[in-house]
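Chemist: Before I ask anything, here is the structure I am working with.
2 protein chains.
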Amino acid sequence: MTLPTPWLDIAPDSDFSLYNLPFGIFSHDSEPPGVGVAVGEWIIDMAAAARAGALHLGKVPESVYRESTLNAFMALGRPAVREVRNILQEQLTQPDSALHRVADRVLVRQAAATMHLPVAIGDYTDFYSSLEHATNVGKLFRPENPLLPNWKHLPVAYHGRASSIVVSGTPIHRPNGQTIPAGATNPVFGPSEALDFELELGFLIGKDSAMGIPVSTYEAEEYLFGCVLFNDWSARDIQRWEYQPLGPFLSKNFASSVSPWVVTMDALEDFRVSDPEKNPEPLPYLRTSGALNFDLNLEVAIKADAMETTVCRTNARHLYWNIRQQIAHHTVTGCNLRVGDLLATGTISGPEGSGCLLELTDGGKKQVRLSDGSERIYLQDGDEVIIRGFAERKDARVGFGEVRGAIRPAQSHFAHEEN
Amino acid sequence: MTLPTPWLDIAPDSDFSLYNLPFGIFSHDSEPPGVGVAVGEWIIDMAAAARAGALHLGKVPESVYRESTLNAFMALGRPAVREVRNILQEQLTQPDSALHRVADRVLVRQAAATMHLPVAIGDYTDFYSSLEHATNVGKLFRPENPLLPNWKHLPVAYHGRASSIVVSGTPIHRPNGQTIPAGATNPVFGPSEALDFELELGFLIGKDSAMGIPVSTYEAEEYLFGCVLFNDWSARDIQRWEYQPLGPFLSKNFASSVSPWVVTMDALEDFRVSDPEKNPEPLPYLRTSGALNFDLNLEVAIKADAMETTVCRTNARHLYWNIRQQIAHHTVTGCNLRVGDLLATGTISGPEGSGCLLELTDGGKKQVRLSDGSERIYLQDGDEVIIRGFAERKDARVGFGEVRGAIRPAQSHFAHEEN
Numbered sequence: 220m221t222l223p224t225p226w227l228d229i230a231p232d233s234d235f236s237l238y239n240l241p242f243g244i245f246s247h248d249s250e251p252p253g254v255g256v257a258v259g260e261w262i263i264d265m266a267a268a269a270r271a272g273a274l275h276l277g278k279v280p281e282s283v284y285r286e287s288t289l290n291a292f293m294a295l296g297r298p299a300v301r302e303v304r305n306i307l308q309e310q311l312t313q314p315d316s317a318l319h320r321v322a323d324r325v326l327v328r329q330a331a332a333t334m335h336l337p338v339a340i341g342d343y344t345d346f347y348s349s350l351e352h353a354t355n356v357g358k359l360f361r362p363e364n365p366l367l368p369n370w371k372h373l374p375v376a377y378h379g380r381a382s383s384i385v386v387s388g389t390p391i392h393r394p395n396g397q398t399i400p401a402g403a404t405n406p407v408f409g410p411s412e413a414l415d416f417e418l419e420l421g422f423l424i425g426k427d428s429a430m431g432i433p434v435s436t437y438e439a440e441e442y443l444f445g446c447v448l449f450n451d452w453s454a455r456d457i458q459r460w461e462y463q464p465l466g467p468f469l470s471k472n473f474a475s476s477v478s479p480w481v482v483t484m485d486a487l488e489d490f491r492v493s494d495p496e497k498n499p500e501p502l503p504y505l506r507t508s509g510a511l512n513f514d515l516n517l518e519v520a521i522k523a524d525a526m527e528t529t530v531c532r533t534n535a536r537h538l539y540w541n542i543r544q545q546i547a548h549h550t551v552t553g554c555n556l557r558v559g560d561l562l563a564t565g566t567i568s569g570p571e572g573s574g575c576l577l578e579l580t581d582g583g584k585k586q587v588r589l590s591d592g593s594e595r596i597y598l599q600d601g602d603e604v605i606i607r608g609f610a611e612r613k614d615a616r617v618g619f620g621e622v623r624g625a626i627r628p629a630q631s632h633f634a635h636e637e638n
Numbered sequence: 220m221t222l223p224t225p226w227l228d229i230a231p232d233s234d235f236s237l238y239n240l241p242f243g244i245f246s247h248d249s250e251p252p253g254v255g256v257a258v259g260e261w262i263i264d265m266a267a268a269a270r271a272g273a274l275h276l277g278k279v280p281e282s283v284y285r286e287s288t289l290n291a292f293m294a295l296g297r298p299a300v301r302e303v304r305n306i307l308q309e310q311l312t313q314p315d316s317a318l319h320r321v322a323d324r325v326l327v328r329q330a331a332a333t334m335h336l337p338v339a340i341g342d343y344t345d346f347y348s349s350l351e352h353a354t355n356v357g358k359l360f361r362p363e364n365p366l367l368p369n370w371k372h373l374p375v376a377y378h379g380r381a382s383s384i385v386v387s388g389t390p391i392h393r394p395n396g397q398t399i400p401a402g403a404t405n406p407v408f409g410p411s412e413a414l415d416f417e418l419e420l421g422f423l424i425g426k427d428s429a430m431g432i433p434v435s436t437y438e439a440e441e442y443l444f445g446c447v448l449f450n451d452w453s454a455r456d457i458q459r460w461e462y463q464p465l466g467p468f469l470s471k472n473f474a475s476s477v478s479p480w481v482v483t484m485d486a487l488e489d490f491r492v493s494d495p496e497k498n499p500e501p502l503p504y505l506r507t508s509g510a511l512n513f514d515l516n517l518e519v520a521i522k523a524d525a526m527e528t529t530v531c532r533t534n535a536r537h538l539y540w541n542i543r544q545q546i547a548h549h550t551v552t553g554c555n556l557r558v559g560d561l562l563a564t565g566t567i568s569g570p571e572g573s574g575c576l577l578e579l580t581d582g583g584k585k586q587v588r589l590s591d592g593s594e595r596i597y598l599q600d601g602d603e604v605i606i607r608g609f610a611e612r613k614d615a616r617v618g619f620g621e622v623r624g625a626i627r628p629a630q631s632h633f634a635h636e637e638n
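So the sequence lines, in the order shown, correspond to chains A and B.
At position 414 of the first sequence (counting the first as 1) the number is 633 in our numbering, and the numbers step up by one without a gap.
At position 165 of the second sequence (counting the first as 1) the number is 384 in our numbering, and the numbers step up by one without a gap.
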């Protein structure tokens with residue numbers, strides 16, 4: 220589908236074309252946060268647009284646009300979200316539209332706005348769905364037998380921490396924790412010396428499922444609202460010491476960062492590609508067919524001394540387990556999903572690049588060289604990590620913008636010392 | 220401290236003595252849910268009591284009692300909660316009190332009320348803090364070396380699923396899932412054949428901590444509101460196949476059950492006992508002194524064919540890692556706590572008894588005999604598991620009531636078949 224030319228000036232390489240229209244939570248001047256839609260360099264203030272009569276509200280109560288999270292809007296369901304997006308595409312392309320008439324009151328420059336965490340996240344689940352990542356990491360621990368026996372039979376996952384998920388731009392303090400020096404029997408305490416990023420995508424749930432009732436692969440996408448870039452910061456030295464037998468805990472729970480704009484599933488529809496063939500064939504509840512992955516270009520840059528170096532370029536199309544399989548597996552026991560839950564892919568690596576320093580440095584054995592001439596095994600204080608992602612075809616670009624976070628030194632005081 | 224005799228008739232063996240006064244969410248007739256306090260066989264309807272002028276509200280806004288969760292009340296902080304409890308003790312013991320005068324309007328029989336999930340749970344963390352449990356389970360997998368090297372250096376924990384935490388009395392469907400038959404290389408799908416309970420306590424967080432700022436052991440208890448009984452249902456066969464390398468996921472996330480009454484930390488104050496000596500001494504941020512465990516009698520019964528059999532009696536005093544250590548460890552990386560978070564102890568076993576069937580049957584090698592003559596390795600459909608707990612000294616009993624859940628057969632249909 221090709222849309223007419225909009226009356227608003229949108230750069231051809233903008234992540235936020237007419238074909239995208241992602242949702243987020245923004246504030247500007249001293250206004251309280253509310254729902255916005257990104258288009259070009261602008262944000263459509265949805266509450267202001269509704270107030271000005273520039274939106275056919277349909278079944279959408281105007282109040283959802285004045286909320287400080289997208290949860291109430293997401294809960295309206297995919298058909299309502301689709302209708303809103305269609306109305307905006309129409310309003311942005313008709314020169315005599317109501318939105319055009321009130322544009323000076325409802326368009327806010329992105330540069331002048333503050334973005335907030337878009338969703339109140341309920342439960343956060345992290346999958347491990349990249350075959351390349353699981354194989355690369357497995358090789359570091361078990362060179363002869365990198366993939367564990369369960370990996371190709373089920374989408375391995377674990378529960379993560381929701382409280383410490385923050386929006387892009389929030390500084391990340393290097394965590395303190397226990398680590399075990401090589402050859403030692405007793406741990407030591409101090410700042411992590413192996414702070415890493417993880418390039419991931421996060422899928423946001425927009426519909427509750429009932430406890431006790433599995434969601435099949437066929438209906439799984441009805442439960443999705445949209446997708447964000449996700450950086451699941453990890454302290455590899457803390458992880459190595461703590462993770463047996465119940466999995467990662469402190470090594471991951473100090474922070475994760477999300478991009479502020481949630482790209483809707485409808486905006487991704489044109490970029491579907493086949494997911495890798497599953498061999499061995501999984502159990503029936505995990506079988507899918509069709510184009511169920513998304514052709515999304517992803518890259519990671521490290522910014523040090525004001526210079527950016529791209530350290531990874533890859534694509535989400537390589538993910539072994541698709542989102543329908545993840546949802547079907549997650550709920551097959553009867554575990555319920557709720558609006559606001561986040562399902563992340565796990566680190567996305569592929570034939571072209573790897574999504575974390577653990578892999579890029581081959582487990583710390585080789586350095587990554589940055590443009591300023593310095594080298595990294597893991598992140599240093601002051602480094603900023605920037606993840607970007609976009610889908611593209613000749614007349615349409617659908618981008619995520621970016622998620623960034625700069626590393627601050629470890630804290631050395633406790634809460635009671637704040638007062 | 221000994222309180223005067225109350226004007227309300229409270230049985231000497233009631234869990235809900237004047238010394239307890241736990242908080243919960245209840246409804247009755249066609250009233251919406253609200254905050255209640257259990258005393259003897261009764262519930263004090265806190266919104267009704269406030270409306271009738273029977274409470275000095277102090278800093279408590281009356282509206283918190285009309286909420287359908289305790290979160291807003293908990294967030295008022297420990298001093299406010301303490302004041303409310305003190306006022307209730309006074310009102311319940313003074314014959315001419317305002318509460319006594321309006322008793323017929325504000326007291327609801329527990330038998331006539333429906334209890335609801337007391338708290339909107341944010342993040343749920345499950346610890347692994349019983350030395351006996353970790354040793355018994357470890358022996359099943361590694362007879363020579365049951366405890367992993369990290370266990371005595373840090374309170375091992377993992378993130379659990381909050382969406383599927385339900386209040387006592389909610390039926391539990393046996394989960395379906397993947398399991399691996401002995402000697403097989405390919406998994407099979409079907410109802411779990413190793414459904415287990417786990418006897419735990421859950422501590423509820425009543426104060427936000429700041430991200431990036433650790434909470435020390437000294438201040439940790441300021442962040443607590445109270446404690447519940449917790450049954451962390453587990454499917455051992457699903458767990459065995461899925462849990463490497465990232466920990467338990469589906470085997471635990473289909474359901475956990477909590478008791479409806481939250482016993483405040485103040486009510487537990489009189490039952491403090493020393494926690495076990497730590498050897499080796501942990502790192503400084505985990506060192507504590509004083510009586511930091513609680514002398515709480517715990518028991519588990521299985522009800523089959525209308526007959527109860529107690530299969531475990533133990534005590535929370537044996538827990539190796541105390542709650543202050545758990546909170547200090549959880550936040551040492553800067554991970555933030557939020558009002559409504561739940562920190563569970565992990566299965567509580569002790570010298571007297573073990574808190575799950577995995578241990579009681581020695582990993583499935585011996586049967587547990589029930590009073591009706593039947594035997595169990597794991598739970599059967601129709602079985603009901605009842606966990607009870609209480610603290611006791613000569614003039615005071617502080618009990619948790621119970622958390623119960625009955626096993627229903629596995630579901631065999633998907634969400635779209637509901638319509």
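For glycine and all other residues, C-beta sits at the position ideal for the given N, C-alpha and C.
Here the structure is a predicted model, which is why all the values come from computation and not from measurement.
Where does A:A291 sit, in a helix, a strand or coil, going by DSSP?
Modeler: DSSP places A:A291 in helix when its eight states are reduced to three.
Chemist: Hey, quick one: how far does the beta strand (DSSP E) through A:Q397 stretch, first residue to last?
Modeler: A:Q397 -> beta strand (DSSP E) spans 395-398.
Chemist: Report the partner residues of A:D345 according to the DSSP bridge assignment.
Modeler: Answer is A:Y377, A:A563.
Chemist: Is there a C-beta anywhere in chain A that falls below 8 Å from the one on B:E440?
Modeler: False, the Cβ-Cβ gap to chain A never drops below 8 Å.
Chemist: Using only the alpha-carbon positions, how far apart do A:P501 and A:V492 sit?
Modeler: Cα to Cα, A:P501 sits roughly 20 Å from A:V492.
Chemist: Check whether the stretch 375-386 of chain B touches the stretch 336-346 of chain A, counting contact only when three or more Cβ pairs, one atom from each stretch, lie closer than 8 Å.
Modeler: Verdict: yes, contact present.
Chemist: Taking the beta carbon of A:S217 as the centre, do at least 16 other beta carbons fall within 10 Å, making it buried, or is it exposed?
Modeler: Chain A is shown only over 220 to 638; residue 217 of chain A falls outside these bounds and no answer can be derived.
Chemist: Would A:T566 count as contacting chain B if we go by Cβ distances under 8 Å?
Modeler: Answer no: the Cβ-Cβ gap between A:T566 and chain B never drops below 8 Å.
Chemist: Would you mind stating whether A:G572 and A:T533 have Cβ atoms separated by less than 8 Å?
Modeler: Contact: yes.
Chemist: 8 Å is my cut-off, CB to CB: does A:W540 come that close to chain B?
Modeler: Not an interface residue.
Chemist: The beta strand (DSSP E) spanning A:A332 covers which residue range?
Modeler: It spans 332-335 - the beta strand (DSSP E) in which A:A332 sits, taken as one unbroken run.
Chemist: For A:K522, name the three-state secondary structure that DSSP assigns.
Modeler: Reduced to three states, the DSSP call for A:K522 is strand.
Chemist: Would you mind working out which of B:E302, B:G253, B:K278 sits nearest B:E286, comparing C-alpha positions?
Modeler: That would be B:G253, whose Cα lies nearest to the Cα of B:E286.
Chemist: Are the beta-carbon atoms of A:G565 and A:S348 separated by less than 8 Å?
Modeler: In this structure, A:S348 lies closer than 8 Å to A:G565 by Cβ.
Chemist: Bridge partners for A:G402 per DSSP, in chain order?
Modeler: In DSSP, A:G402 forms no bridge with anything.
Chemist: Which stretch, first to last residue, makes up the alpha helix (DSSP H) that contains A:E438?
Modeler: Careful: A:E438 lies outside any alpha helix (DSSP H) and carries neither H nor E.
Chemist: Between which residues of its own chain and B:R588 is the CB-CB distance below 6 Å, once the five residues before and five after are set aside?
Modeler: Contacts found: E594.
Chemist: Between B:E637 and chain A, is there a C-beta pair that is closer than 8 Å?
Modeler: Only weak support is given to the placement of B:E637: the predicted model assigns it a pLDDT of 49, under 50, and the value that follows is read from those uncertain coordinates. Interface residue, yes.
Chemist: Could you tell me the boundaries of the beta strand (DSSP E) in which A:E419 lies?
Modeler: Segment 418-424, the beta strand (DSSP E) holding A:E419.
Chemist: Taking beta-carbon pairs under 8 Å, can you tell me which members of the stretch 421-449 of chain A lie near chain B?
Modeler: Correct list: S428, A429, M430, G431, I432, P433, V434, S435, Y437, E438.
Chemist: Just to confirm, are A:S387 and A:S476 a CB contact at a threshold of 8 Å?
Modeler: Yes, they are a contact pair.
Chemist: My parser needs the alpha helix (DSSP H) runs of 4 or more residues fully inside the stretch 296-323 of chain A; what are they?
Modeler: Complete alpha helix (DSSP H) runs here, min 4: 297-312, 317-320.
Chemist: Since A:H392 and A:R536 should fall inside the 8 Å C-beta cutoff, what is the C-beta to C-beta distance between them, to a whole number of angstroms?
Modeler: About 34 Å; that fails the 8 Å criterion.
Chemist: Given A:L318, which residues of its chain have a CB within under 8 Å of its CB, disregarding the five upstream and five downstream residues?
Modeler: Here the set comprises I263, A268, A273, L274, L307, Q310, L311, V325.
Chemist: Among the candidates B:R607, B:I384, B:D602, B:S246, whose CA atom is the shortest distance from the CA of B:L561?
Modeler: Nearest option by C-alpha distance: B:I384.
Chemist: Taking DSSP's pairing of strands, which residues face A:L448 in a bridge?
Modeler: The partner list for A:L448 (beta bridge, DSSP) reads A:L420.
Chemist: Taking the alpha-carbon positions, what's the B:T529 to B:Y597 distance?
Modeler: In a straight line, the C-alpha of B:T529 is about 15 Å away from that of B:Y597.
Chemist: Is the CB of B:T552 under 8 Å away from at least one CB in chain A?
Modeler: Judged by the 8 Å Cβ criterion, B:T552 is in contact with chain A.
Chemist: What residues match up with B:A266 in a beta bridge as DSSP calls it?
Modeler: None; B:A266 has no bridge partner.
Chemist: Do A:E461 and B:L556 have their C-beta atoms closer together than 8 Å?
Modeler: Not in contact: A:E461 and B:L556 (Cβ atoms no closer than 8 Å).
Chemist: Given a cut-off of 8 Å on the beta-carbon distance, is the pair A:L465 and B:G466 in contact?
Modeler: Yes, the Cβ-Cβ distance between A:L465 and B:G466 is below 8 Å.
Chemist: Let me confirm a value: A:N638 is counted as buried when at least 16 other C-beta atoms fall within 10 Å, else exposed. Which label applies?
Modeler: Confidence at A:N638 is low in this model, with a pLDDT of 42, below 50, so its placement is unreliable and no value can be given for it.
Chemist: Per DSSP, what kind of secondary structure is A:E637 in: helix, strand or coil?
Modeler: Its pLDDT being 49, under 50, A:E637 is placed unreliably by the model, and nothing is read from it.
Chemist: Tell me whether the beta-carbon of A:I542 lies closer than 8 Å to the beta-carbon of A:F468.
Modeler: Cβ atoms of A:I542 and A:F468: not closer than 8 Å.
Chemist: Please work out which residues of its chain come closer than 8 Å, Cβ to Cβ, to A:V283, disregarding the five sequence neighbours upstream and downstream, and give them in chain order.
Modeler: Here the set comprises V254, A291, F292, L295.
Chemist: Between B:W452 and chain A, is there a C-beta pair that is closer than 8 Å?
Modeler: For B:W452, the answer is no, since every Cβ of chain A falls outside 8 Å of its Cβ.
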